[in-house]
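Chemist: Have a look at the structure that comes next, please.
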Amino acid sequence: DGGITQSPKYLFRKEGQNVTLSCEQNLNHDAMYWYRQDPGQGLRLIYYSQIVNDFQKGDIAEGYSVSREKKESFPLTVTSAQKNPTAFYLCASSNDRSGELFFGEGSRLTVL
Amino acid sequence: KNEVEQSPQNLTAQEGEFITINCSYSVGISALHWLQQHPGGGIVSLFMLSSGKKKHGRLIATINIQEKHSSLHITASHPRDSAVYICAADNTGNQFYFGTGTSLTVIP
Numbered sequence: 001d002g003g004i005t006q007s008p009k010y011l012f013r014k015e016g017q018n019v020t021l022s023c024e025q026n027l028n029h030d031a032m033y034w035y036r037q038d039p040g041q042g043l044r045l046i047y048y049s050q051i052v053n054d055f056q057k058g059d060i061a062e063g064y065s066v067s068r069e070k071k072e073s074f075p076l077t078v079t080s081a082q083k084n085p086t087a088f089y090l091c092a093s094s095n096d097r098s099g100e101l102f103f104g105e106g107s108r109l110t111v112l
Numbered sequence: 113k114n115e116v117e118q119s120p121q122n123l124t125a126q127e128g129e130f131i132t133i134n135c136s137y138s139v140g141i142s143a144l145h146w147l148q149q150h151p152g153g154g155i156v157s158l159f160m161l162s163s164g165k166k167k168h169g170r171l172i173a174t175i176n177i178q179e180k181h182s183s184l185h186i187t188a189s190h191p192r193d194s195a196v197y198i199c200a201a202d203n204t205g206n207q208f209y210f211g212t213g214t215s216l217t218v219i220p
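So the protein sequences, as listed, match chains A and B. Its first residue numbered 1, the first sequence is counted upward by one per residue in our numbering. Its first residue numbered 113, the second sequence is counted upward by one per residue in our numbering.
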């Protein structure tokens, strides 16, 4: 079955450490996104990519980095520069023709 | 002001009740999405619509483009419908604006 796989589901990090969240899709979608979800707020866009080897900053990109070396993969690195990294992170992709959105199961990051 | 506003924020219903969740948006859209998020966190797409009405089982979504308003209805609600329902406006070019969600609890 086609879909989006995020890993790990839960992650604990010490302050000052970088951590990378994985996102893989087998839907053959060009567009991929990373969102952050905090209680009481809508999903906020961190980064998005519309094609391999290209990506753009979203509304809250500071302290995050991404790469898009393959169509299937869009990993997100939460760097030590991110001041408040504890959150739920969602990866998504969209069908370029229909516009339909697909989401992964999310990764919950806790900084200790 | 948020581009997408949902109401109510929280909703508790008895099993069997008819439920309505509302979404208003202020941006131009190519489509409006209704999403469902279960306690585990994963999100699934329920509907994508750009006009009129769509129905899937007990769920119905409507949109009024002129009024920039959409509603999600659940008929004969069931405890398994308990989830957070999120409205998202697709502002063309793969840019999405999300509401803060409506947390629905259906009591047996």
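Backbone N, C-alpha and C define an ideal beta-carbon position, used for all residues, glycine too. Since the model is a prediction, treat every value here as computed from it, not as a measurement.
Using C-beta distances below 8 Å, list every residue in its chain close to Arg-68/A, excluding the 5 sequence neighbours before and after it, in chain order.
Modeler: Residue mapping note: residue 68/A aligns to position 68 of the first sequence, counting from 1. If we look at Arg-68/A and ignore the five residues flanking it on each side, its Cβ neighbours are Met-32, Ser-49, Ile-51, Val-52, Asn-53, Asp-54, Phe-55 and Phe-74.
Chemist: Cβ closer than 7 Å: which chain A residues qualify as neighbours of Ile-155/B?
Modeler: Sequence index remark: in the second sequence, residue 155/B carries index 43 (1-based). Going along chain A in sequence order, the residues near Ile-155/B (Cβ under 7 Å) are Leu-90 and Phe-103.
Chemist: Between Pro-39/A and Gly-63/A, is the Cβ-Cβ spacing less than 9 Å?
Modeler: Your numbering for residue 39/A matches position 39 in the first sequence. Your numbering for residue 63/A matches position 63 in the first sequence. Their beta carbons are not under 9 Å apart, which means Pro-39/A does not touch Gly-63/A by this criterion.
Chemist: For the stretch 115-143 of chain B, list every residue whose C-beta sits within 8 Å of some C-beta in chain A, in sequence order.
Modeler: If the cut-off is 8 Å between Cβ atoms, the stretch 115-143 of chain B has Val-116, Ser-142 and Ala-143 near chain A.
Chemist: Quick one: which residues of the stretch 151-178 of chain B get their C-beta closer than 8 Å to a C-beta of chain A? List them in chain order.
Modeler: Taking 8 Å as the Cβ-Cβ cut-off against chain A, the residues of the stretch 151-178 of chain B that qualify are Gly-152, Gly-153, Gly-154, Ile-155, Val-156, Ser-157 and Met-160.
Chemist: Considering only C-alpha positions, which residue in the set Ser-138/B, Thr-174/B, Leu-161/B and Ser-189/B is nearest to Ile-219/B?
Modeler: Taking the first residue of the second sequence as 1, we reach residue 219/B at position 107. Of Ser-138/B, Thr-174/B, Leu-161/B and Ser-189/B, the residue nearest in Cα terms is Ser-189/B.
Chemist: Whole beta strand (DSSP E) runs in the stretch 182-213 of chain B with 3 or more residues, listed along the chain?
Modeler: The stretch 182-213 of chain B contains these whole beta strand (DSSP E) runs: 195-202 and 208-210.
Chemist: Is the beta carbon of His-168/B less than 9 Å from the beta carbon of Leu-158/B?
Modeler: Position 56 of the second sequence holds residue 168/B. Position 46 of the second sequence holds residue 158/B. The answer is yes: Cβ separation under 9 Å.
Chemist: How far does the beta strand (DSSP E) with His-145/B in it reach, from first residue to last?
Modeler: As a first step, residue 145/B is located in the second sequence; it is residue number 33 there, counting from the start. From DSSP, the beta strand (DSSP E) with His-145/B extends over 143-149.
Chemist: Just the Cα atoms here: how many angstroms apart are Tyr-173/B and Lys-14/A?
Modeler: Along the second sequence, read from residue 1 onward, the residue named residue 173/B stands at position 61. Along the first sequence, read from residue 1 onward, the residue named residue 14/A stands at position 14. According to the sequence as given, residue 173/B is Ala; it is not Tyr. Spanning the two alpha carbons is a distance of roughly 44 Å.
Chemist: To be precise: take each residue of the stretch 50-65 of chain A, compare its Cβ to all Cβ atoms of chain B, and keep it if any distance is under 7 Å. Which residues remain?
Modeler: Going along the stretch 50-65 of chain A in chain order, one finds Gln-50 with a Cβ nearer than 7 Å to chain B.
Chemist: If distances are taken between C-alpha atoms only, which option among Cys-199/B, Asn-114/B and Gly-213/B comes closest to Ile-175/B?
Modeler: For the purposes of this step, residue 175/B is identified with residue 63 of the second sequence, where counting begins at 1. Answer by Cα proximity: Cys-199/B.
Chemist: Indicate whether the contact test is met: 3 or more Cβ pairs, each with one atom in the stretch 6-20 of chain A and one in the stretch 99-110 of chain A, closer than 8 Å.
Modeler: Contact between the stretch 6-20 of chain A and the stretch 99-110 of chain A is present, because at least three Cβ pairs lie under 8 Å.
Chemist: Verify the CB distance criterion: does Tyr-209/B have a CB-CB separation below 9 Å to chain A?
Modeler: Within the second sequence, residue 209/B is the residue found at index 97, counting from 1. Yes, contact with chain A.
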